[in-house]
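My numbering numbers the first residue of the sequence shown as 15 and each following residue consecutively.
Built from N, CA and C at the ideal position, the CB exists for glycine as well.
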Amino acid sequence: MKYYVGIDIGGTKIAYGLFDEKRNLLQKKQTASDDKKEAEEFFSPVIDMIHEFMQEAEKQGGSVEGIGIGITGFVDFEKGALTRTASLPKLNNFPVVDYLKSRLNQDVRIAMDNDCHCGALAEYRHGVGKGRKNMLYCPVSTGISTGMILDGRLFRGSNGASGESGHMIAAVPEEIRMDCSCGNAGCFNSLCSGKAIINYVRKWIEQGESSILPELAGGMENITARHLNEAYEKGDAVARRAVEQMAHYLAIWIFDVYMLLNVDCIVFSGGLLAMGDKLFGQLEKEFEQYHTNGFPVHFYKTQLGSDSGLIGAVELLFE
Ligand SMILES: [Zn+2]
């Protein structure tokens with residue numbers, strides 16, 4: 015029996031999955047992701063976990079045939095190296111795949127790509143994108159981005175850095191323009207990502223707007239999207255303004271991406287999905303106002319949820 019390991023490396027946690035040869039997810043595990051660790055130390059628990067899964071596979075009379083890795087940042091898919099990652103800067107330029115191969119000392123295939131690319135592959139092959147020709151996978155989370163399946167294939171771009179739609183620059187009034195970690199100000203990530211919405215809320219409260227949010231969260235620094243959701247329900251003016259602004263710029267963002275690619279299947283994922291209609295209902299309503307070409311466009315929620323990263327990582331081995 016053949017087994018596969020999927021690994022999803024994010025800024026705060028690393029998720030692991032063991033898959034059978036039909037690519038069913040059998041087991042899941044998790045360790046912390048520590049941005050302060052140097053690369054070799056960072057990958058030490060990853061190697062331990064792979065060994066654990068290898069032993070598990072052997073116990074079942076099989077072996078691990080391949081390891082797929084999704085990671086936050088720019089990935090050179092051919093070389094299996096991480097080019098640049100904002101969340102885990104100590105891993106910049108680290109040859110992840112070669113390093114793991116040398117440490118595992120076994121003839122096992124390893125493939126790695128950006129986490130949004132992995133999510134797109136997963137949703138395309140096993141989720142709502144199944145059977146379609148084109149699909150956009152759009153996480154709305156700490157950041158926003160777009161994994162693109164075009165003519166049945168994942169589009170990676172010239173440097174593996176495709177889909178960074180969150181850093182497209184929007185024409186925004188000076189008073190709401192904010193800096194982004196990409197080095198520009200006024201990109202969509204600085205306007206309508208999960209991180210941005212919290213930045214605006216804090217700014218408005220600091221400027222004197224009254225809100226129940228600091229009390230609800232137990233301090234300004236603790237405010238999260240969950241509190242925003244709750245404050246919105248209670249009619250809090252700052253929370254309402256923040257969600258409306260976010261929905262407005264998300265609508266422009268997704269409409270621009272749609273106009274460029276004419277893809278009729280748009281799949282949202284990410285933590286902000288919990289905001290439901292407050293955010294996505296508004297987004298779709300505004301999208302329809304701009305959408306004058308009359309071609310059908312369908313919006314969906316992820317079917318695979320938070321497992322999409324693991325599932326897509328393993329899919330890298332089957333391209
Ligand atoms: Zn940016």
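When 84, 83, 85 and 67 are compared against residue 77, the one with the closest alpha-carbon:
The shortest C-alpha to C-alpha distance from residue 77 to any of 84, 83, 85 and 67 is the one to 67.
Unbroken beta strand (DSSP E) run spanning residue 98, endpoints
First-last of the beta strand (DSSP E) with residue 98: 95-98.
In angstroms with no decimal places, state the Cα-to-Cα distance between residue 268 and residue 255.
Taken atom to atom, the span from the alpha-carbon of residue 268 to that of residue 255 is near 20 Å.
Between the CA atoms of residue 233 and residue 275 - distance to the nearest angstrom
Taking the straight line joining both Cα atoms gives about 43 Å.
When you compare the CB positions of residue 207 and residue 157, do they come within less than 7 Å of one another, or not?
With a cutoff of 7 Å on beta-carbon distance, residue 207 and residue 157 are scored as near each other.
Between 16, 48 and 32, which has its C-alpha nearest residue 324's C-alpha?
Restricting attention to 16, 48 and 32, the CA atom closest to the CA of residue 324 is found in 32.
Can you name, in chain order, every residue of its own chain whose Cβ lies under 8 Å from the Cβ of residue 181, other than the five neighbours on each side?
If we look at residue 181 and ignore the five residues flanking it on each side, its Cβ neighbours are 194, 196, 198, 201, 202 and 203.
Write down the C-beta distance between residue 62 and residue 129 rounded to the nearest angstrom, noting that I regard them as a contact closer than 8 Å.
That belief does not hold up - the Cβ atoms of residue 62 and residue 129 are roughly 21 Å apart, past 8 Å.
As assigned by DSSP and simplified to three states, the class of residue 44:
If DSSP states are grouped into helix, strand and coil, residue 44 belongs with the strands.
Tell me the DSSP bridge mates of residue 237?
In the DSSP output, where bridge partners are listed per residue, residue 237 has none listed.
Check whether the Cβ atoms of residue 279 and residue 162 lie closer than 7 Å to each other.
Against a cut-off of 7 Å, the Cβ pair of residue 162 and residue 279 comes out as no contact.
Residue 136 burial status per 10 Å Cβ neighbour count (16 or more: buried)
That one is buried.
List the residues that DSSP assigns as beta-bridge partners of residue 183.
As computed with DSSP, residue 183 is found in a beta bridge with 201.
Hey, could you find the ends of the alpha helix (DSSP H) residue 269 is sitting in?
In this chain, the alpha helix (DSSP H) harbouring residue 269 covers 251-275.
Best match in 26, 80, 35 and 165 for proximity to residue 51 [C-alpha to C-alpha]
Comparing Cα positions, the closest option is 26.
Inter-residue Cα distance where the pair is residue 248 and residue 315:
Going by the C-alpha atoms only, they are around 25 Å apart.
State buried or exposed for residue 240, treating a residue as buried only when at least 16 other CB atoms are found within 10 Å of its CB.
With a threshold of 16 other beta carbon atoms within 10 Å, residue 240 falls short and is exposed.
Based on Cα-Cα distance, which residue from 211, 113 and 82 lies nearest to residue 124?
Nearest in C-alpha terms to residue 124, of all of 211, 113 and 82, is 82.
For residue 93 and residue 45, the rounded distance between their alpha carbons
Near 26 Å, if we compare the C-alpha coordinates of residue 93 and residue 45.
Which residues does DSSP list as the beta-bridge partners of residue 193?
The secondary-structure analysis by DSSP pairs residue 193 across a beta bridge with 199.
Determine the contact status of residue 5 and residue 152, defining contact as a CB-CB distance below 7 Å.
The shown model of the chain, from 15 to 333, leaves out residue 5, and the question about it has no answer.
Within this structure, are the beta carbons of residue 282 and residue 142 separated by less than 7 Å?
Taking 7 Å as the Cβ cut-off, residue 282 and residue 142 do not qualify as a contacting pair.
Out of 100, 91 and 122, point me to the one whose CA is closest to residue 109's CA.
The shortest Cα separation from residue 109 among 100, 91 and 122 belongs to 91.
Rounded to the nearest angstrom, what separates residue 11 and residue 53 at their Cα positions?
With the chain covering 15 to 333 only, the question about residue 11 has no answer from this structure.
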